[in-house]
């Protein structure tokens, strides 16, 4: 059964390892306007999905029986002829029913010219060059006659190169005989256009009379092809040849040599070799043809020649055929990149720049296979010229990378440029943040990236500080919504104090662009207070823009205020009293809770100093603003050690304040613009370009939100030591009270023990303040815990 299936598959042609796609051209059997004996299909190789073209000849059709020798000869000659400009053959298959020739993906020139009617003379001349070179190799190196040169035997590949095919009658006279040449007149394409005078006289005998006469037949057919592609007219009459040649819009020497190809006298007619060699020194000397030839010799050029060639590539793209850059130049550059990346950094960076520029039109699959590995490898290189090439072109290729690739392979390498000593690298790194931001993970965007921007805002180069604000304003839409207002206000407010005028202007404009990210309440409480000082800025530009932005925010606030309901004052007053009573009740509950919580802590401290503690609550200083507790300490412990605890009234008492650590904030102690000597090492001048010295407020609640959430108040404490004079206890402002216990030691002398303890809690963050008043000889205050 399997044998039968394979046999039937062979008969139908379905057994070939290629998937046939759209039919590009039909044979003359089914299409009266065709001059080909082949059905031409776009195809894909099943094994590796390689794009190719399949030429199919059906031997089962009775009409094709007399053309079988031509199909077999074409299959044989294309398989054995590997010359520049000749159609690249991948495979050939022959069975009882079909003959297949599988080549690189191509398109017939006749259809290509119809699809591209406005090709430049440079492109047409380039095509003439490639066909002439291929025909010269066939005549001179292969010692053969093509015999079938016309528009239907030329094909165009993906890179825009013209390839010569149509080998149905190709013959090496010395080895193959003349049978194919004698039958050539039966081939439909052979009689497509005008024949030379010698053929009119003696027919196909002129092809076999001598090698010189046969190759001059090819020269005449080449001349007809050149006239047809430049004039878009098929030449069918020798009288019209000179008329059409005169209309060809090319230089005079090119026209002169084309006329020599079309000379009706076989003795005066030049060969293809003469025409080609003459063209290399004159009409074939164009930038596009020079580029094509240099690409073939690139591996043998020295470093300087390569650099000159790379710098000239930008001029090629304007006059090159479609696909030439992507499928001819780019593959050569990619191959060269891997050979020179470790040896010649200068050429490597230039190669990389051209690779990035020429890969813009590649489809996703081609880009992923050929260009993406080069970009990822280049980001790991330490060379500055390579990094600069990557950064300046990042916006053109970053969209072709997935979020995972950007997060895992690009972002961390990109940020290494922020530490470069070259300001241009740092600035380009900053600019590259904008296109890359949408593809970053939440942690990278709201943590790592913001840390980098906080550092960049203190850069010594004012342009970098300015671009930092611009960058932050552009990526604000991707930031975490909860932390975004505080981060933006902190960063923009800092730049409003920058002595560099463009930086202040950028900050003002950033406030305008980010107005939608600030709720009306934040606009009232924080934004206006940040903007207002710049209404009196020394720079008139800053003052004008600040006034506009200030009014913009006021309009938003007025709009919000107009939407609020109108309440009765008595109701508002009643609600206020009710809220105060509720707050007082909550404060009392918190006081009781803090007293019970603090007891274990105070006992532990008492044990360390050998005493006992008692707690007494004191009234709150201001329930609306601060919650505090006062804890009094009574001395106690072993009477045998009382002599060591006698308090001298003239000594200073030690006081310790225990506070919970706050979360990390890179701007918490940043006073870059607060001092007279600014953060960039030069004195600010009282001119239009600078601002007055003004201290920057400490912005503890405006943390950028880095790191983990704030730790509980009881987790970690820092110790601050202060000293007070014993007489301070008598001051009315002192809220902590000291109880004095009098005890009698073994000798009958009275010993006074004084200890004071103050426990307070603020509304913003929980703080435990312990004022321990002990003598100066017990070991406290020496910096050891």
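Residue numbers (this note's numbering): 265 to 1049. Glycine included, C-beta positions come from ideal geometry on N, C-alpha and C. Keep in mind it's a predicted model, so treat the numbers as computed, not measured.
Helix, strand or coil at residue i according to DSSP, with G and I counted as helix
i, result
"residue 428", "strand"
"residue 580", "coil"
"residue 326", "helix"
"residue 448", "helix"
"residue 1007", "Bear in mind that the predicted position of residue 1007 carries a pLDDT of just 43, short of 50, making it too unreliable to give a figure here."
"residue 461", "helix"
"residue 531", "coil"
"residue 849", "helix"
"residue 974", "Confidence at residue 974 is low in this model, with a pLDDT of 39, below 50, so its placement is unreliable and the value that follows should be read with caution. In this structure, residue 974 counts as coil in the three-state DSSP scheme."
"residue 358", "strand"
"residue 366", "strand"
"residue 548", "coil"
"residue 318", "strand"
"residue 435", "strand"
"residue 925", "Confidence at residue 925 is low in this model, with a pLDDT of 38, below 50, so its placement is unreliable and the value that follows should be read with caution. DSSP places residue 925 in coil when its eight states are reduced to three."
"residue 497", "coil"
"residue 279", "coil"
"residue 885", "Bear in mind that the predicted position of residue 885 carries a pLDDT of just 42, short of 50, making it unreliable; the figure below should be weighed with that in mind. Of the three classes helix, strand and coil, the one that applies to residue 885 here is coil, per DSSP."
"residue 353", "strand"
"residue 380", "coil"
"residue 312", "coil"
"residue 591", "helix"
Rounded C-alpha distance that separates residue i from residue j
i, j, result
"residue 537", "residue 679", "58 angstroms"
"residue 766", "residue 670", "32 angstroms"
"residue 520", "residue 487", "11 angstroms"
"residue 773", "residue 725", "20 angstroms"
"residue 748", "residue 370", "56 angstroms"
"residue 566", "residue 399", "31 angstroms"
"residue 630", "residue 810", "50 angstroms"
"residue 283", "residue 345", "25 angstroms"
"residue 316", "residue 368", "5 angstroms"
"residue 423", "residue 366", "18 angstroms"
"residue 429", "residue 397", "13 angstroms"
"residue 677", "residue 425", "40 angstroms"
"residue 447", "residue 342", "19 angstroms"
"residue 672", "residue 662", "14 angstroms"
"residue 401", "residue 550", "21 angstroms"
"residue 209", "residue 483", "Outside the displayed span of the chain (265 to 1049) sits residue 209, for which this structure offers no information."
"residue 744", "residue 750", "11 angstroms"
"residue 303", "residue 439", "30 angstroms"
Contact under 8 angstroms by Cβ, residue i with residue j
i, j, result
"residue 769", "residue 752", "no"
"residue 718", "residue 694", "no"
"residue 489", "residue 468", "no"
"residue 364", "residue 280", "yes"
"residue 354", "residue 328", "no"
"residue 846", "residue 817", "no"
"residue 648", "residue 683", "no"
"residue 472", "residue 437", "yes"
"residue 347", "residue 405", "yes"
"residue 814", "residue 825", "no"
"residue 331", "residue 411", "no"
Enclosing alpha helix (DSSP H) for residue i [first to last residue]
i, result
"residue 386", "385-400"
"residue 772", "765-777"
"residue 599", "594-604"
"residue 652", "648-656"
"residue 575", "567-575"
"residue 404", "It is not in any alpha helix (DSSP H) - residue 404 carries neither H nor E in the DSSP assignment."
"residue 665", "Neither: residue 665 is in no alpha helix (DSSP H) and is coded neither H nor E."
"residue 442", "Careful: residue 442 lies outside any alpha helix (DSSP H) and carries neither H nor E."
"residue 522", "516-525"
"residue 612", "609-622"
Run of the beta strand (DSSP E) containing residue i, from where it starts to where it stops
i, result
"residue 372", "370-372"
"residue 761", "Premise fails: residue 761 is in no beta strand (DSSP E) and is neither H nor E."
"residue 285", "282-289"
"residue 306", "303-309"
"residue 472", "Taken as a continuous stretch (DSSP letters only), residue 472 belongs to no beta strand (DSSP E), being part of the alpha helix (DSSP H) at 469-472."
"residue 420", "418-421"
Unbroken alpha helix (DSSP H) runs of length 4 or more, entirely within the segment 678-739: which are they?
-> 687-700, 713-720 and 726-739
Continuous alpha helix (DSSP H) assignments of at least 4 residues falling wholly in the segment 775-806 | 792-795
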